[in-house]
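Structure, as C-alpha cells:
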C-alpha cells in the first residue's frame, strides 16, 4: 500500500485534485461576482463559510481515513465532489450554488488529509522529508497552473466549465483510486513474511523542542491561510480596481502561487530551516507586510512584487506545518486532518473579520485590510508567546 510504485499514483491523484479544486474554488468568487453581482463583502462571507466547513470536516476526514482506511476516504470524497459539481452545472440560483460549494468542500475534506498520509506512511525521517517535498511541489505546481490558466479557461470555455472540467477530473481520480486500491491488495497478498522492521530513526532533537515547533507551525499556518483566503476572495475586487479582465487577473494574480512553488523547491533540498525559529518568525513578519501590499496595490508592478514576496514566505510557513505534522505523527491521517483543519480555521477567520470590518466601517475602503492585518499581528504575538514558554 505504501510502495514507491503506488506512491507515484498517489502523487498523480494529488496533482489532479489540486487542479480541479483550485479551478473551482478560486474562480467561484469571480463566478458569483459576474453572475449574481457579489462584491467583496459577500465574497468574503462565502470564503468564511468555506473555511468554517473545512475546519470541522477536514478533522473528521482525517479521523475517517485513519479509522476506515485511506481508500475508503478517497472514494467517499471523490464521490461527493463529482455529484455536487454535476448538480451545480444545472443550477441557476445563488443559494443553489452556495449549497453546491458547501457540499463540494465536504467532499474535499476526505481527500487532502488522506493524500498527505498516503505519501508519508512507511517512510524514514529522510523519506518523510523527500515525500513531503514532492507532495508540496505537486499540489502547489498544479494549483498554480490552474489559477494561472483558469481565467482564460473561464472566458473561452464559459462559466459552465467551472463545473464540468473539475467534475471530469474527479471522475478520472475516482477511477484511478479504484485501480490503486486493487494494486495495493495484490501487493499485500503477494508479500511474503518479512523480518521485523528495524527500530525507527532516532530523532535528532529533544521531544520537548519538537513539540514546540509543531505547535508553532500549527498556529502560524492557519494565520497564513487567513491572509491567503482573504486575498483570494477579494482578488476580483482588486482586479476591478486595476481594470484587469478575468483572464488577465488569472495571469497576474496567480504569481504568488508560482513563488510558493519556488519556495517549496528550495525548502525540499535545503533542510537548514528545520527546527529553527528565526526562519518561521521572519517569514511571518514579511507575510503581514506583503499581504497589506497586495490588497492596497495602486499599480500592477507593486501587485506583482508583493505577490512574489508573499508566495515565498507562506511557502515556508505551510511547509513547516505539514513537515512537522508528518515528522512527528504516527497517526498520520489524524495529524493530516489537524493540519488541514487548522487551514480551515484560517480560511474562516480572515474573511470573516474582513467582511465584518467592511460592514461596520463601509466608509473606509481599506478597513478590511487593516482589520485582517491586526489579526495577523495577534498571531505574531501568539508565536512569540509559544516560543518563550517552550524555549
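Numbering (this note's numbering), first residue to last: 5 to 395. We put the beta carbon where it would ideally sit given N, CA and C, even for glycine. Remember, it's a predicted structure, so these values are computed and weren't measured experimentally.
Leaving out the 5 sequence neighbours to the left and right, which residues in its chain are closer than 6 Å to residue i when beta-carbon positions are compared?
i	result
residue 23	146, 150
residue 8	none
residue 359	45, 48, 49
residue 344	62, 116, 117
residue 135	123, 124, 127
residue 178	82
From this set, the options, which residue's C-alpha is nearest residue i's C-alpha?
i	options	result
residue 330	311, 185, 132	132
residue 274	16, 130, 32	130
residue 121	352, 327, 367, 383	327
residue 51	104, 74, 233, 82	233
residue 242	283, 113, 299	299
residue 308	291, 258, 188, 13	258
With residue i as the anchor, note down where its alpha helix (DSSP H) starts and where it stops.
i	result
residue 260	259–273
residue 96	Element bounds for residue 96: n/a, residue is neither H nor E.
residue 301	It is not in any alpha helix (DSSP H) - residue 301 carries neither H nor E in the DSSP assignment.
residue 256	250–256
residue 137	129–161
residue 396	Given that the chain is displayed from residue 5 to residue 395, the structure contains no residue 396 and the question cannot be resolved.
residue 277	Element bounds for residue 277: n/a, residue is neither H nor E.
Less than 8 Å between the C-beta atoms of residue i and residue j, yes or no?
i	j	result
residue 341	residue 62	yes
residue 36	residue 42	yes
residue 390	residue 219	yes
residue 373	residue 279	no
residue 394	residue 216	yes
residue 97	residue 158	no
residue 78	residue 181	yes
residue 277	residue 320	yes
residue 247	residue 75	no
residue 295	residue 253	no
On the criterion of 16 or more Cβ atoms from any shown chain inside 10 Å, does residue i qualify as buried, or is it exposed?
i	result
residue 86	buried
residue 227	buried
residue 183	exposed
residue 11	buried
residue 264	buried
residue 303	exposed
residue 161	exposed
residue 287	buried
residue 240	buried
residue 355	buried
residue 99	exposed
Leaving aside the five residues before and after residue i along the sequence, list all residues of the same chain whose C-beta is less than 7 Å from its C-beta, in chain order.
i	result
residue 107	84, 88
residue 197	With a pLDDT of 45 at residue 197, under the threshold of 50, the predicted position of this residue should be treated as unreliable, and no value is reported.
residue 375	357, 358, 361
Looking only at its chain, what residues have a beta carbon closer than 8 Å to the beta carbon of residue i, apart from the 5 residues adjacent to it on each side?
i	result
residue 93	164, 167, 168, 171
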